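Structure record follows, encoded as structure tokens.
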Amino acid sequence: MMLAYSPNAWVRFEVSESGGEWETERTEIEPEVRIELRQGEVRNSLWDAVESGAVAPPVLLDLVQIFESEFDFTADTRPGDRFRLLVETRYADGVPIDFGRILAAQYVSDSQTLTGIGFTPPGHTSDRFAYYDPDGRSLKKMFLRSPLQFTRVSSGFTYRRPHPILGGTRPHLAIDYAAPSGTPVWAVANGVVLFAGRNRGNGIQVRLRHRAGYETYYNHLSRIGRGIRRGAHVGQKQVIGYVGSTGLSTGPHLDYRVKHDGRFVNPLSEEFLPGRPIAKPHRAFFLEHARTLIAQLEEETAS
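Be aware that the sequence shown starts at 100, since it is given in our numbering, and climbs by one per residue.
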């Protein structure tokens, strides 16, 4: 008598009985990894690609993370945008089970074409895998394009704006992002907490210091994220608070400000520092690697 049980696609247990004794054998299933093209088009939202079966949700989230320093998928995605991916698909016994890394990605909007190449420097482990443009510039910039998932920009950066509560014309040196109360707000870059608490008309505020003379302000929060206190270190995209309407506010939104060398700047037009490019000793190898993957993307698309 034998019983077989698989808790998942990659492990199989076989329990057999012989002469009144039971034995258990565990077998590891080695996945077959295939590199496959996945592509989709935005009709109403990027999520259309999931609903159509073009990609799985984790793959779509990986695509967004690859380009999140270059492109604001919340604000700038438009019908007709297209993407192409070379992605690792893991098979067990000829059946696709799940997905691994995106090896190359291309996102085409009406204003630009973004290309990301996954690369691990020779001699390094897979934890150094990162994404670069075809020229070897890092796609992970110092700052993210936005600090939350928002519904719209309700007020832009300007030196003259009628104040909705105090009246008169005042500078509005911030970007106001309308979003439901409780929406997570994340740090746009690695940094240190300078302030976390109530600050008069700003309501509940978190202020961060970053390298290269930058500070960021997150105002009108409903509450502060766990562990966010003066002196704490935060990582890029770590939740630091939640959207609210505290202080002088007419409704739930995030008042987001960026200061550089003591002067407030427009977060939407500021040219933030790039990440580290491919090191010179690996540059030639990377460029050949990038050409190969881009050719595969184009060949698969053409076919």
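Don't be surprised by glycine CBs; every beta carbon is placed ideally from N, CA and C. Owing to the predicted nature of the structure, the values given are computational and were not obtained by experimental measurement.
Residues bridged to residue i (per DSSP)
| i | result |
| --- | --- |
| GLY290 | VAL333 |
| MET101 | SER115 |
| LEU184 | ARG137 and ALA204 |
| ALA295 | VAL305 |
| ILE196 | Answer is none; ILE196 lacks a bridge partner. |
| HIS319 | None, per the DSSP bridge assignment. |
| TRP121 | GLU116 |
| HIS352 | ALA277 and GLY343 |
| VAL110 | ASN107 and GLU127 |
| VAL132 | ARG189 |
| GLU403 | Past the edges of the chain, shown from 100 to 402, lies residue 403, and the structure says nothing about it. |
Helix, strand or coil at residue i according to DSSP, with G and I counted as helix
| i | result |
| --- | --- |
| ASP275 | strand |
| VAL158 | helix |
| ASP147 | helix |
| PRO380 | helix |
| THR282 | coil |
| LEU213 | strand |
| GLU398 | helix |
| ARG362 | strand |
| SER225 | helix |
| PHE170 | coil |
| LEU386 | helix |
| HIS262 | Here the model assigns HIS262 a pLDDT of 49, short of 50, so the residue's position is not dependable and the matter cannot be decided. |
Buried/exposed call for residue i, threshold 16 Cβ in 10 Å
| i | result |
| --- | --- |
| ARG244 | buried |
| SER168 | buried |
| TRP285 | buried |
| HIS388 | buried |
| LEU102 | exposed |
| THR391 | exposed |
| LYS379 | exposed |
For residue i, the nearest candidate out of the options (CA to CA)
| i | options | result |
| --- | --- | --- |
| ASP232 | TYR206, TYR355 and PRO156 | TYR206 |
| SER208 | PHE170, GLU397 and TRP121 | PHE170 |
| LEU347 | VAL338, TRP121, ALA378 and ASN298 | ASN298 |
| PRO366 | SER144, THR391, GLY326 and ASP275 | ASP275 |
| SER368 | ASP234, ALA273, PHE198 and ALA311 | ALA273 |
| TRP311 | GLY193, ASN318, ILE339 and ALA288 | Here residue 311 turns out to be Ala, not Trp, going by the sequence shown. Nearest of GLY193, ASN318, ILE339 and ALA288 to ALA311, Cα basis: ALA288. |
| GLY350 | VAL163, ALA229, HIS319 and LEU162 | HIS319 |
| ILE196 | TYR313, LEU247 and THR188 | THR188 |
| SER225 | GLY199, ARG177 and GLN164 | GLY199 |
The ligand MN heavy atom lying under 8 Å from the CB of residue i
| i | result |
| --- | --- |
| ASN107 | Questions concerning the ligand MN fall outside what the structure shown contains, since it holds no ligand whatsoever. |
Answer yes if the segment 366 to 382 comes into contact with the segment 293 to 307, meaning at least three C-beta pairs across the two stretches below 8 Å, and no otherwise.
-> no
Hey, is the segment 130 to 140 in contact with the segment 382 to 402, meaning 3+ C-beta pairs nearer than 8 Å?
-> yes
State whether the segment 208 to 217 contacts the segment 171 to 189, with contact taken as three or more CB pairs (one from each stretch) at a distance under 8 Å.
-> yes
Pairing CB atoms from the segment 145 to 158 with CB atoms from the segment 104 to 116, are three or more of them under 8 Å?
-> no
With a cut-off of 8 Å, do at least 3 Cβ pairs link the segment 319 to 329 to the segment 211 to 223?
-> no
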